[in-house]
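Take the sequence shown: its position 123, counted from the start at 1, is 123 in the numbering used here, and no numbers get skipped.
A virtual CB, placed ideally from N, CA and C, is assigned to each residue, including glycine.
Below is one structure, written out as structure tokens; comments come after it.
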Amino acid sequence: MISAPFHLAGERLALDPAGVLFWPAQRLLAVADLHLEKGSHFAGRGQLVPPFDTRDTLARLAPLLRRYAPERIVFLGDSFHDGGGSARMQAADRAALLHLLAGREVTWVLGNHDPAAPDALPGEAVAELRLGPLVFRHEGVPGNAAGFELSGHFHPKASMPTRCGPVTRPCFLADARRVLLPAFGSYTGGLAITAPPIAALFPRGGRAFLLGRERLFSCAIGPMKHLALARPPLEATSAP
1 MISAPFHLAG ERLALDPAGV LFWPAQRLLA VADLHLEKGS HFAGRGQLVP PFDTRDTLAR
61 LAPLLRRYAP ERIVFLGDSF HDGGGSARMQ AADRAALLHL LAGREVTWVL GNHDPAAPDA
121 LPGEAVAELR LGPLVFRHEG VPGNAAGFEL SGHFHPKASM PTRCGPVTRP CFLADARRVL
181 LPAFGSYTGG LAITAPPIAA LFPRGGRAFL LGRERLFSCA IGPMKHLALA RPPLEATSAP
């Protein structure tokens, strides 16, 4: 895979086509919105879906940890789909997660789906993390007062025209103040970057980096200030 370099607050970051962000100077890997145990959450409410989302998500995360060998992992919230998710993990999946976290500093940024620290897992849980010039939080805060932020929550996706018609993919969305990460979990849908909650973060536009199999596909996004008002979300999808 070929990552894309991106500079924020004078720091060089790497955007990976798999949907994670690496900060080489800090040996830090950031990943957003795993929504682990979403399948078991729905099963408990009578909506039976294949119960392999946690296993698949961790299997996709493992090679990225081998590739970047981070000393620190920052999970940007909604790491579990609900507060009881970590307690519902199957033994094999919990063992796999513990293996991935072993020997690394782990920070769980709390999200709206997981407002408390995960049960019996290593690491610290924080509302937000400030490290050097960057702020790691679950949901982005509009305006310059938010600082230079990395966030998740909105599961951004964008469309790009091709000779065979438009292609829609999860994406990073970035400007001079922030990077919005795509959702990493196997059972996560997407929200179009033109939807008002995302447009409010990027009123002057920015650059979208659509996820591809081996590389990112970048395109400039024009001003979205007018979209941040009352326009209904476009291309919003959800997964079970």
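(request) Give the DSSP bridge partners of Met160, in chain order. (result) In the sequence shown, residue 160 corresponds to position 160, counting from 1. DSSP lists Val167 as the bridge partner or partners of Met160.
(message) Assuming contact is defined by CB atoms lying nearer than 8 Å, are Met1 and Ala18 in contact in what I supplied?
(response) Within the sequence shown, numbered from 1, the residue matching residue 1 stands at position 1. Within the sequence shown, numbered from 1, the residue matching residue 18 stands at position 18. Taking 8 Å as the Cβ cut-off, Met1 and Ala18 qualify as a contacting pair.
(request) Excluding the 5 residues preceding and the 5 following Arg241 in the sequence, name in chain order all residues of the same chain whose CB lies nearer than 6 Å to its CB. (result) The structure shown does not extend to residue 241, since the chain spans only 1 to 240, so no value can be given for it.
(message) Beta-carbon within less than 6 Å of Pro223's beta-carbon, same chain only, minus the 5 sequence neighbours each way: which residues are those?
(response) Your numbering for residue 223 matches position 223 in the sequence shown. For Pro223, where only same-chain residues beyond five positions count, the Cβ hits under 6 Å are Arg204 and Gly205.
(message) Considering just the uninterrupted stretch of the alpha helix (DSSP H) at Gly39, what are its terminal residues?
(response) Taking the first residue of the sequence shown as position 1, residue 39 is located at position 39. Taken as a continuous stretch (DSSP letters only), the alpha helix (DSSP H) holding Gly39 covers Lys38 to Ala43.
(message) Does Pro118 come out as helix, strand or coil in the three-state DSSP assignment?
(response) Here residue 118 is taken as the residue at index 118 of the sequence shown, counted from 1. Pro118: coil per DSSP, three-state reduction.
(request) Could you pull out every residue in the same chain whose Cβ sits closer than 7 Å to the Cβ of Ala9, ignoring the five residues on either side in sequence? (result) The residue labelled residue 9 in the question sits at position 9 within the sequence shown. Closer than 7 Å at Cβ, skipping near neighbours: Pro133, Leu134 and Phe148.
(request) Can you grab the Cα-Cα spacing for the pair Leu36 / His81, in whole Å? (result) As a first step, residue 36 is located in the sequence shown; it is residue number 36 there, counting from the start. As a first step, residue 81 is located in the sequence shown; it is residue number 81 there, counting from the start. Answer to the nearest angstrom: the Cα atoms are 6 Å apart.
(message) Under 8 Å, with one C-beta from each stretch per pair, do the stretch 209-223 and the stretch 164-175 reach the 3-pair mark?
(response) yes
(message) Contact between the stretch 37-45 and the stretch 146-163 is defined here as three or more beta-carbon pairs at a separation below 8 Å; is this criterion met?
(response) no
(message) Looking at His138: is its Cβ nearer than 8 Å to the Cβ of Gly190?
(response) By one-based count along the sequence shown, residue 138 stands at place 138. By one-based count along the sequence shown, residue 190 stands at place 190. Cβ distance not < 8 Å, so His138 and Gly190 don't count as in contact.
(request) Closer than 7 Å by C-beta to Val109: which residues in its own chain qualify, once you throw out the five before and the five after it? Chain order, please. (result) For the purposes of this step, residue 109 is taken as the residue at position 109 of the sequence shown. The residues are Val74, Phe75, Leu76, Gly77, Val126, Glu128, Leu129, Phe136, Arg137 and His138.
(request) Can you say whether Leu98 is buried or exposed, counting buried as having 16 or more other CB atoms within 10 angstroms of its CB? (result) If you number the sequence shown from 1, residue 98 lands on position 98. The residue is exposed, with fewer than 16 neighbouring Cβ atoms inside 10 Å.
(request) Under 6 Å Cβ to Cβ from Asp16, same chain only, skipping five residues before and after it: list those, please. (result) In the sequence shown, counting from the first residue as 1, residue 16 sits at position 16. Within the same chain, and ignoring the five residues on either side of Asp16 in sequence, the residues whose Cβ sits closer than 6 Å to its Cβ are Ser3.
(message) Out of Val179, Phe217, Leu131 and Ala145, which one is the CA nearest neighbour of Ala25?
(response) One-based indexing of the sequence shown puts residue 25 at position 25. Checking every option, the nearest Cα to that of Ala25 belongs to Leu131.
(request) Report the option in Ser79, Tyr68 and His41 whose CA atom is closest to the CA atom of Leu58. (result) On the sequence shown, position 58 is the one that residue 58 refers to. For the options Ser79, Tyr68 and His41, the alpha carbon positioned closest to that of Leu58 is the one of Ser79.
(message) Looking at Ala62: is its Cβ nearer than 8 Å to the Cβ of Phe184?
(response) The residue labelled residue 62 in the question sits at position 62 within the sequence shown. The residue labelled residue 184 in the question sits at position 184 within the sequence shown. Against a cut-off of 8 Å, the Cβ pair of Phe184 and Ala62 comes out as no contact.
(request) Quick one: using the 10 Å Cβ neighbour count with 16 as the cut-off for buried, is Gly143 buried or exposed? (result) Numbered from 1 along the sequence shown, position 143 holds the residue referred to as residue 143. So Gly143 counts as exposed.
(request) Measure the beta-carbon distance from Phe22 to Tyr68 and round it to whole angstroms, keeping in mind my assumption that it falls under 8 Å. (result) Residue numbering aside, residue 22 sits at position 22 when the sequence shown is read from its first letter. Residue numbering aside, residue 68 sits at position 68 when the sequence shown is read from its first letter. Confirmed, about 5 Å.
(request) Starting from the N-terminal side, write out each stretch of the alpha helix (DSSP H) that is 4 residues or longer and does not extend beyond the stretch 44-88. (result) 53-68 and 85-88
(request) Examine chain D for any beta-carbon lying closer than 8 Å to the beta-carbon of Ala14, and answer yes or no. (result) In summary, chain D is missing from the structure at hand, where a single protein chain is found.
(request) Can you tell me which of the three DSSP states Arg207 falls into? (result) On the sequence shown, position 207 is the one that residue 207 refers to. Looking at Arg207 - three-state DSSP - the assignment turns out to be strand.
(request) Select from Ala116, Gly103 and Thr54 the residue whose C-alpha is nearest the C-alpha of Gly84. (result) For the purposes of this step, residue 84 is identified with residue 84 of the sequence shown, where counting begins at 1. The candidate whose alpha carbon is nearest that of Gly84 is Ala116.
(message) Which residue wins for smallest C-alpha separation from Met89, given the options Leu65, Arg60 and Lys38?
(response) Start at 1 with the first residue of the sequence shown, and residue 89 comes out as number 89. Nearest option by C-alpha distance: Lys38.
(message) Judging by CA-CA distance, which residue of Ala87, Val20 and Ala120 is the nearest neighbour of Thr54?
(response) Residue 54 sits at position 54 when you count from the first residue of the sequence shown. For Thr54, the nearest C-alpha among the options comes from Ala87.
(request) Would you decide whether Leu30 is buried or exposed? Buried here means 16 or more other CB atoms lie within 10 Å of its CB. (result) Position 30 of the sequence shown, counting from 1, holds the residue named residue 30. Before going further, note that residue 30 is Ala rather than Leu in the sequence given. Counting Cβ neighbours within 10 Å, Ala30 comes out buried, since at least 16 surround it.
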